[in-house]
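Worksheet: the structure to be examined is printed underneath.
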Amino acid sequence: MNKFVIYAHRGASEYYPENTLSSFAAGVDMGADGIETDVQISKDGVLMIYHDDTMEEKTGFKGSICDYTYEELREARVKNEKYGRVDCLMTFEDFLKYFAWRDLTFAIELKVTGIAAPVIDMMRKYNVLEKSIITSFQYEALKECYAYDKSVRLGWLFFERKEDTLDLLAAIHAYQACPMAKAITKEDIAAYRAAGLSCRAWGISDTDVMKYAVEIGVDSGMTVNFPDKLIEYMK
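For the sequence shown, this note's numbering assigns the number 44 to the initial residue and increments by one for each residue that follows.
This is the structure:
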């Protein structure tokens, strides 16, 4: 039986600026036993924690992470408008310095191709590969991971199971199927288990979706912006 992991999605991002130290720390303090986060790369090759393709909505900066050097990105501030909180961007290495030693499971999402090697090398440096799953919506990024290190656990993020989904997962020896929560059926869960895959849900937009994912049998947990609510529900 797979362990059901409560992943703080970009930290406790319902309440704090997503993908920042305050958000991750809040998720852990709430009792989450996993963290999900996103990795991109700066103009000068520094691995950065950030989700969106562009920066304007969350930081006010024009363009993307890759348009700025690390020193320039140090000036950016991420906002959580709902609660009026602000925090700085983090490098991937700083994230690992703060959290790698903790008893947590990590879901590390690659937002771009071309960074598989440095991400895996950094994770190996901080001894987190064995308790992590590298994920992406970009199948090519997962192929790059598999080509670089076939021992890494991979999870493919997608919307719903299609005719070729299991074959594509098998081709990269994926560890985990990661479908959108609303699209999962009991038949999907059975198909993933029959293929030797665990299943983790994403897209938990509210507590109704959260409860649906639990009750339908998602076995490896879910990424949730409000880990406190899932923890309470699972008691």
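Glycine is no exception: its CB is placed at the ideal position from the N, C-alpha and C atoms.
Leu200: first and last residue of the uninterrupted beta strand (DSSP E) it sits in:
197-201
Flag this pair as yes or no: are the beta carbons of Asp231 and Arg204 separated by less than 9 Å?
In terms of Cβ geometry, Asp231 and Arg204 form a close pair [threshold 9 Å].
When DSSP labels each residue in this structure, what does Phe149 get in the three-state scheme?
Residue state, collapsed to three classes: strand.
Supposed close pair Lys229, Gly260 - CB separation, criterion 8 Å
7 Å
How big is the Cα-Cα spacing for Ser263 and Tyr182?
21 Å
Going by the CB atoms, is the gap between Pro222 and Ala55 shorter than 9 Å?
Taking a C-beta distance under 9 Å as the contact criterion, Ala55 and Pro222 do not qualify as a contact pair.
Taking Arg128 as part of the beta strand (DSSP E), name the residues at either end of that continuous run.
In the DSSP annotation of this structure, the continuous segment of the beta strand (DSSP E) that includes Arg128 starts and ends at 128-131.
Helix, strand or coil: how does DSSP classify Ala213 here?
helix
Can you tell me whether Ala324 is buried or exposed? The criterion is at least 16 other CB atoms within 10 Å of its CB, across all chains shown.
With the chain covering only 44 through 278, there is no way to say anything about residue 324.
If you draw a straight line from the alpha carbon of Glu99 to that of Ala237, how long is it in whole angstroms?
43 Å
Thinking C-beta only, is Ala234 closer than 9 Å to Gly198?
no
Let me know if Lys46 comes out buried or exposed under the rule of 16 or more other beta-carbons within 10 Å of its beta-carbon.
exposed
4-residue-minimum alpha helix (DSSP H) runs that sit fully inside the stretch 214-256, ordered along the chain
229-237
Which of the three DSSP states, helix, strand or coil, is assigned to Thr134?
Look at Thr134 here: in three-state DSSP terms it is strand.
Other residues of its chain near Phe202: CB distance less than 8 Å, five sequence neighbours each side excluded
Pro222, Met223, Ala226
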